[in-house]
Amino acid sequence: MTRAYNFCAGPATLPEEVLKQARDEMLDWQGTGMSVMEMSHRSDEFVSIAKTAEQDLRDLAGVPDDYAVLFMQGGASSQFATVPLNLMAADATADYVNTGIWSKKAIAEARRFGNVNVVASSEDANFINVPDQSEWQCSPDAAYLHYTPNETIGGLEFDFVPETGSVPLVADYSSTMLSRPIDVSKFGLIYAGAQKNIGPSGLVVVIVRKDLLGNARKETPTMMNYQVMADNDSMYNTPSTYSWYLAGLVFKWLKAQGGVEAMGKINQRKAGKLYDFVDANDFYANPIEPRFRSWMNVPFTLADDALNGDFLKGADARGLLNLKGHRSVGGMRASIYNAMPEAGVDALIDYMAEFARERG
Ligand SMILES: *Cc1c(COP(=O)(O)O)cnc(C)c1O
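Numbering-wise, the numbering used here puts 38 at position 37 of the sequence shown, and it's gapless, one number per residue.
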């Protein structure tokens with residue numbers, strides 16, 4: 002068996018140790034004679050798996066006690082609707098920052114539920130930066146302000162947390178959750194689709210300040226009501242049990258690596274060496290203003306687009322997979338989440354150097 006280095010943006014590579022443990026526990030979880038997949042979600046065994054995962058996430062992210070942690074379904078995209086349904090009255094206004102494709106999707110969905118005020122956008126600059134917060138046109142009475150700390154497709158990451166005073170700050174952390182320390186107490190709500198840094202797709206983790214619960218519109222589907230989810234420990238219906246279990250294994254793995262402090266240092270180093278290489282080599286380019294370059298998703302272009310196909314073919318042959326950039330951006334993209342070992346980044350840089358030497 003050979004494991005490739007998988008640079009896919011999502012679903013993304015998982016820690017090998019986690020996959021091995023899941024394999025070892027697949028048929029018989031800790032002497033129960035059954036797979037986690039086959040367990041009742043109401044069983045003591047699964048409830049302990051679920052509670053342990055929640056506690057480990059709380060420990061890792063430093064989630065204060067006045068926040069609920071929910072394990073929901075429907076991916077991050079379902080939260081684009083769930084957030085306004087729960088946090089915004091029908092006649093209210095919500096503020097959104099537009100920094101790329103995921104922001105735009107969140108904005109488009111929120112518009113179906115109420116007034117959306119786009120307080121700032123870097124679209125005219127081709128999303129290569131984040132507009133300075135001093136220029137944002139915020140609504141005085143916004144229900145919340147939504148932003149996307151890491152634009153997975155553009156490779157743009159905020160290097161600051163917006164200051165919103167008493168307006169709840171809502172963040173789509175899908176592609177940068179647990180990649181570095183954050184101060185959860187600055188947020189009203191954080192959500193993160195699992196398939197980048199947490200586990201399998203479909204699962205979405207929501208961290209919400211408890212005083213924001215209980216305000217869902219009456220037409221909110223039960224399954225999208227945060228209060229119902231919180232009251233039922235995310236088990237109003239059958240949760241995505243196996244994904245929850247795998248997320249729990251990832252949390253344990255992160256703790257064993259030294260937690261998010263340690264991950265942040267490794268991630269900064271991994272991204273730093275890749276950007277340094279791209280900047281130093283005339284054959285490659287990345288358009289993002291350096292201070293806003295993502296630690297998780299590194300898009301880059303080749304000097305000649307006609308070589309893209311050959312570049313990808315050569316990469317595949319070396320077990321460097323899924324480097325093709327998003328169709329809207331073109332070029333290449335290397336997603337280097339927590340689970341991508343530094344050796345994978347080194348192997349990519351070696352290959353890029355060789356390709357530029359031979360074909361540049
Ligand atoms: C991947 C991603 C999404 C969409 O996630 P789904 O689980 O596929 O709905 C939303 N926002 C960001 C920032 C993402 O990276």
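Where a beta carbon is used, it is the ideal one built from N, C-alpha and C, also for glycine. Predicted model only: the values in this text are computed from it and were never measured.
- The C-beta separation of Gly101 from Thr149 comes to about 7 Å, placing the pair in contact by the 8 Å criterion.
- If the five residues before and after Lys105 are omitted, its C-beta is found closer than 7 Å to the C-beta atoms of Asn99, all from its own chain and listed in chain order.
- The C-beta distance from Asn309 to Arg334 rounds to 12 Å, too long to meet the 8 Å contact threshold.
- The three-state reading of DSSP puts Phe312 in helix, counting H, G and I together.
- Across the structure, Lys274 and Arg294 are spaced so that their CA atoms are roughly 12 Å apart.
- With a cut-off of 6 Å, the C-beta of Thr33 is classified as distant from ligand 1, since no heavy atom of the ligand falls inside that distance.
- Taking a cut-off of 8 Å for Cβ pairs, the region 137 to 151 and the region 322 to 330 do not touch, as fewer than three such pairs fall below it.
- Bridge partners of Gly259 according to DSSP: none are assigned.
- A residue is called buried when at least 16 other Cβ atoms come within 10 angstroms of its Cβ; Met225 meets this threshold and is buried.
- Shortest gap from the CB of Ser244 to any heavy atom of ligand 1: 6 Å or more.
- No residue range can be given for Gln196, since it is assigned to no alpha helix (DSSP H) and is classified by DSSP as neither H nor E.
- For Thr53, the uninterrupted alpha helix (DSSP H) segment begins and ends at 45 to 62.
- Ligand 1 has a heavy atom closer than 6 Å to the beta-carbon of Thr153.
- Look at Trp296: its beta carbon is at least 6 Å from all of the heavy atoms in ligand 1.
- Taking C-beta atoms as the reference points, Gly11 and Lys197 count as a pair closer than 7 Å.
- Here DSSP, grouped into helix, strand and coil, assigns Leu28 to coil.
- Looking from the CA of Ala281, the closest CA among Met353, Asp232, Trp245 belongs to Met353.
- Around the beta carbon of Asn339, 16 or more other beta carbons sit within 10 angstroms, so the residue counts as buried.
- Per DSSP, Val168 lies in no beta strand (DSSP E) and is assigned neither H nor E.
- Residue Leu190 holds the alpha-carbon nearest to the alpha-carbon of Tyr174 among Ser186, Arg218, Leu190.
- Between Lys211 and Ala69, the gap from beta carbon to beta carbon is short of 7 Å.
- Residue burial is scored here from C-beta neighbours: Gln80 has at least 16 other C-beta atoms within 10 angstroms and is therefore classed as buried.
- Per DSSP, Ser122 is one residue of the beta strand (DSSP E) stretching across 116 to 122.
- Taking 6 Å as the cut-off, one finds at least one heavy atom of ligand 1 near enough to the beta carbon of Thr149.
- Between the alpha carbons of Phe47 and Ser135 lies a gap of roughly 48 Å.
- CA-CA distance, Ala95 to Pro240, rounds to 30 Å.
- The region 235 to 254 makes contact with the region 41 to 56: 3 or more CB pairs, one atom from each, lie closer than 8 Å.
- Contact check for Leu86 against Thr221 passes: the beta carbons are separated by less than 7 Å.
- Within a 10 Å sphere around the beta-carbon of Thr177 sit 16 or more other beta-carbons, which makes this residue buried.
- Of the residues assessed, Asn287 falls on the buried side of the cut-off, its CB having 16 or more other CB atoms within 10 angstroms.
- Proximity of the beta carbon of Ala281 to ligand 1 is not indicated: no heavy atom of the ligand is located closer than 6 Å.
- Under the three-state reduction of DSSP, Ser336 is assigned to strand.
- The Cβ-Cβ distance between Ile289 and Ile108 does not fall below 7 Å.
- The Cβ neighbour count for Phe188, taken over all protein chains shown within 10 Å, is at least 16; the residue is labelled buried.
- Proximity of the beta carbon of Ser175 to ligand 1 is indicated: a heavy atom of the ligand is located closer than 6 Å.
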